[in-house]
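Here the structure is laid out as structure tokens; the discussion comes afterwards.
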Amino acid sequence: MATYSPSVSPQLRCGDRVLDLSTPQLMAVINVTPDSFSDGGRFHRAGRVQLDAVLLQVERALADGATLIDVGGESTRPGAAPVAGSEELDRVLPVVAAVAERFDTVISVDTSSAALMRESAKVGAGLINDVRALTREGALQAAAESGLPVCLMHMCGEPGVMQRRPYYDDVVGEVEGFLRERVAACAAAGIAADRIVLDPGFGFGKNLTHNLRLFSQLPALCALGYPVLVGVSRKTMVGEITGRPVEQRMPGSVALAALAAERGAAIVRAHDVRETADALAVVAALKGF
Ligand code: 8Y4
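The opening residue of the sequence shown carries number 6 in our numbering; numbering runs sequentially from there.
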């Protein structure tokens, strides 16, 4: 079975590092938002990011098999309120700088802010992960000038309202159409095709049926010729399938991670790094037999 589209470059140049995409890579979630559902706010005391705790978490993620570290300061869970641009920058930039200084890893910056994209690139970020696919003011130009690769994710609406009443006539066609449009916008802004990663945005303005349709059609998305990133870890869709609350969604998330890799995902974003790394190793071992 063909797992990868032959047109996908096996290497992604991320600043001064190169990510080998010939096997599925693991992106560890490092949240620096005070209200994050994944860390229960434990990185925050008195409203400030606890850098030591973040660095320990990064160290463990890398030891457990992560090859990218995703740092984000804006909560994008359903119903979340937007964060002020300056606050996001104050939270995230010191973390990016500190991680870049201490660890040999690709740092992905989860942001839609042009200012944070620019500043992060200066202090050692390796990838821009934008859930708004560079649609915010100045983002296309900032990303282009950073020289970094960009992950373009599909989202329907904004986090505050996206889960109210998701509707599509053809979810796969519409997500693919949106991503194609954003790829064209990137090309026009001077972002080369070999700097683009695509993501259908599981849970971002989608119900369970939409998510399952998109998941089942991952090979079609991969066939567009760009590396595909999949983020399903601990999400509502896992809860809906398994009936589990967020703190019990690891096994379901790991199963979906393995299936995503089998269906051609180049990068899997996950909270439970050690367990997900083992699942990806199993998929990689089976490839080609
Ligand atoms: C339900 C539960 C819905 C949790 C959303 C969430 C992705 C991402 C996030 C993703 C890329 C989260 C920043 C964390 N998800 N970036 N970011 N792809 N590229 N949200 O799927 O789990 S937010």
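Where is the CB? At the ideal position from N, CA and C, for every residue including glycine.
Out of the options, point me to the one whose CA is closest to residue i's CA.
i	options	result
Ser151	Pro15, Cys19, Met158	Cys19
Phe294	Glu267, Ala282, Val273, Thr281	Glu267
Arg218	Arg249, Gly178, Gly257, Gly230	Gly178
Ala192	Val233, Thr214, Ala148, Glu245	Ala148
Pro87	Ala275, Thr110, Glu163	Glu163
Pro232	Glu106, Leu60, Leu26	Leu26
Val63	Gln30, Glu79, Ala105	Ala105
Ile35	Val23, Ala66, Cys227	Ala66
Ser91	Pro29, Val251, Leu73, Ala120	Ala120
Asp109	Gln55, Gly244, Leu60	Leu60
Val54	Glu245, Pro250, Leu98	Leu98
Phe183	Leu139, Leu17, Gln168, Glu79	Leu139
Ser14	Thr247, Gly230, Glu93, Ala58	Gly230
Leu226	Val202, Glu93, Glu245, Arg249	Val202
Gly236	Leu261, Gly77, Arg22	Leu261
Cβ atoms of residue j and residue i: under 7 Å apart, would you say?
i	j	result
Ile112	Val101	yes
Cys161	Asp204	no
Asp4	Asp75	Because the chain is modelled from 6 through 294, residue 4 falls outside the range shown and cannot be assessed.
Ala263	Ala284	yes
Leu145	Ala194	yes
Val259	Ala265	no
Ala206	Met242	In the sequence on display, residue 206 carries Gly and not Ala. Cβ distance not < 7 Å, so Gly206 and Met242 don't count as in contact.
Arg107	Val37	no
Val335	Ala33	The question about residue 335 has no answer here: the residues shown for the chain are numbered 6 through 294.
His276	Ser221	no
Thr28	Ala289	yes
Arg185	Pro154	no
Asn134	Pro171	no
Ser117	Arg137	yes
Leu223	Gly269	yes
His215	Val251	no
Gly208	Lys240	yes
What does DSSP give as the partner residues of residue i in its beta bridges?
i	result
Asp175	BP columns for Asp175 are empty, so no partner.
Ser296	The displayed coordinates of the chain run from 6 to 294. Any statement about residue 296 would go beyond what the structure contains.
Ala275	Ala33
Pro203	According to the sequence displayed, residue 203 carries Leu and not Pro. Leu203 is bridged to Leu157, Val233.
Gln16	Asp25
Around the C-beta of residue i, are 16 or more other C-beta atoms found within 10 angstroms, so that it is buried, or is it exposed?
i	result
Glu181	buried
Glu256	Note that residue 256 is Pro in the sequence shown here, rather than Glu. Label assigned to Pro256: exposed.
Ser124	Note that residue 124 is Glu in the sequence shown, not Ser. With 16 or more Cβ atoms within 10 Å of its Cβ, Glu124 is classed as buried.
Val166	exposed
Thr81	buried
Thr281	buried
Leu291	exposed
Arg187	buried
Thr72	buried
Gly131	buried
Gly143	exposed
Gln30	buried
Ala198	exposed
Gly84	exposed
Ala126	buried
Arg254	buried
Gly77	buried
Asp57	exposed
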